[in-house]
Amino acid sequence: MCTARWREPGRPAVLCRIVGRGPCPRRRSSGLTASEGGRFLLCLLAAALAAAIQPSASAQGGQPYSTATRAAAGLPRLHSLVVSSEGKIVFEYYARGQSANRAANIKSAAKSVISALVGIAIDRRLIRGVQEPIVTYFPELKRDKDPRKQNITIEDLLTMRSGLESTSGRNYGTWVNSRNWVAFALGRPLVSGPGTSMQYSTGSSHLLSAIITKASGTSTWQFAQDTLGRAMNTNLPRWTRDPQGIYFGGNEMSMTPRQMISFGEIYLNGGRANGKQVIPADWVRTSCVPRTSSRFDSDREYGYGWWIDEVGGHDACYAWGFGGQYVLVFSDLRLVVAVTSSTALSDERHGYRRQLFDLLERHVLPGP
2 MCTARWREPG RPAVLCRIVG RGPCPRRRSS GLTASEGGRF LLCLLAAALA
52 AAIQPSASAQ GGQPYSTATR AAAGLPRLHS LVVSSEGKIV FEYYARGQSA
102 NRAANIKSAA KSVISALVGI AIDRRLIRGV QEPIVTYFPE LKRDKDPRKQ
152 NITIEDLLTM RSGLESTSGR NYGTWVNSRN WVAFALGRPL VSGPGTSMQY
202 STGSSHLLSA IITKASGTST WQFAQDTLGR AMNTNLPRWT RDPQGIYFGG
252 NEMSMTPRQM ISFGEIYLNG GRANGKQVIP ADWVRTSCVP RTSSRFDSDR
302 EYGYGWWIDE VGGHDACYAW GFGGQYVLVF SDLRLVVAVT SSTALSDERH
352 GYRRQLFDLL ERHVLPGP
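Given below as structure tokens:
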């Protein structure tokens, strides 16, 4: 019998055994037949993979997060949980192939990033302001049979109150398979007056990406890299684009857990990063002012691309993506929490979102 151990730093060793003829070889080429050697190599590869997906965690300050690792390991859909306090990472948990610098699809948490870019564009006078009608950028709306669409403003897109029928939910597949995502979103009928009720729609956020592209004269990714990426001293991954080359506004964006933390810390610090004002302080503040609420949960309020709710007795302003992708900013605690999860199921199915927030309440956040 031949035995090999595969060990990753800070992780349990994985044992690999194979039965062969004679003693366990000292060299790769001796003691095993070709087929046995092949099986042994496959065993080693499997052992390496098993070691790679073992959960890993580290904490600074120890005791406050002593139970968080075990609780996190009890959530099989959780891929990473990172906590920073006053700009310093104090807890990290990674599992199922996720690591600090491996990019993950943050899904609709991207809407909060798009909101930040709109704020920066307004500050740079590339966009006049939130009350600017979007017909400025989409003059084709003047030819639409419903003249009310000309009253839709940038603020309406930020707050999901454009009144346009949603491109999310049952309409999502048809939308992303269309030849022109912008035209499809603009062509939806009005189901409510602009600026009135919330109709959650990724199409609204994608229209903001198109506006950023037109106003800045560059791509949404390039604008994000030149502003947020440079401020965070990181390279933001490119992400999905529509058939016209416009970067997807509000979905399919990727960030590493560390980048998610850095982005949240900009909001925690009033728009500042590395001593520079990246996002206007007023924009950061107003983004987390409730302006509407979810039709499905009135306690879950919405600002400019950010959700506002209470978590563990503390006010949180957070980016939220399908499956359980989060950047939670707790201003009163001076904490930022980043979470990545499996994207196979909605985090609202089987109680995962509740389980995740319970973990934060019991094992990460101090009592209210």
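Residue numbers (my numbering): 2 to 369.
Quick reminder that beta carbons are idealized off the backbone N, C-alpha and C, glycines included.
What you are looking at is a predicted structure, and each value in this text was computed from that prediction instead of being measured.
Looking at the backbone, the Cα of residue 364 and that of residue 92 are separated by about 11 Å. Taking one beta carbon from each stretch, the stretch 257 to 269 and the stretch 211 to 227 have fewer than 3 pairs nearer than 8 Å; the two do not touch. CA-CA distance, residue 204 to residue 67, rounds to 42 Å. When secondary structure is reduced to three states using DSSP, residue 307 falls in the coil class, being assigned neither helix nor strand. DSSP, read as helix, strand or coil, puts residue 168 in coil.
Unbroken alpha helix (DSSP H) runs of no fewer than 4 residues, entirely contained in the stretch 62 to 99, are found at 69 to 74, following chain order. In this structure, the CA atom of residue 239 is about 20 Å from the CA atom of residue 279. Here residue 206 has 112, 115, 250 and 251 as same chain residues with Cβ atoms under 6 Å from its own Cβ, once five neighbours each way along the sequence are excluded.
Residue 100 and residue 78 have their C-alpha atoms spaced approximately 15 Å apart. Counting only unbroken stretches of 4 or more residues, the alpha helix (DSSP H) elements lying wholly within the stretch 235 to 280 are 258 to 269, in sequence order. Take the alpha-carbon of residue 360 and the one of residue 345: they are about 21 Å apart. The residue among 194, 193, 175 and 196 with its C-alpha nearest the C-alpha of residue 186 is 175. In the three-state DSSP reduction, residue 347 falls in the coil class, being neither helix nor strand.
Contact between residue 80 and residue 342 holds: CB atoms are separated by about 6 Å, below the 8 Å threshold. Out of 219, 300, 202 and 217, the CA that lies nearest to the CA of residue 322 is found in 202.
Bridge partners of residue 185 according to DSSP: none are assigned.
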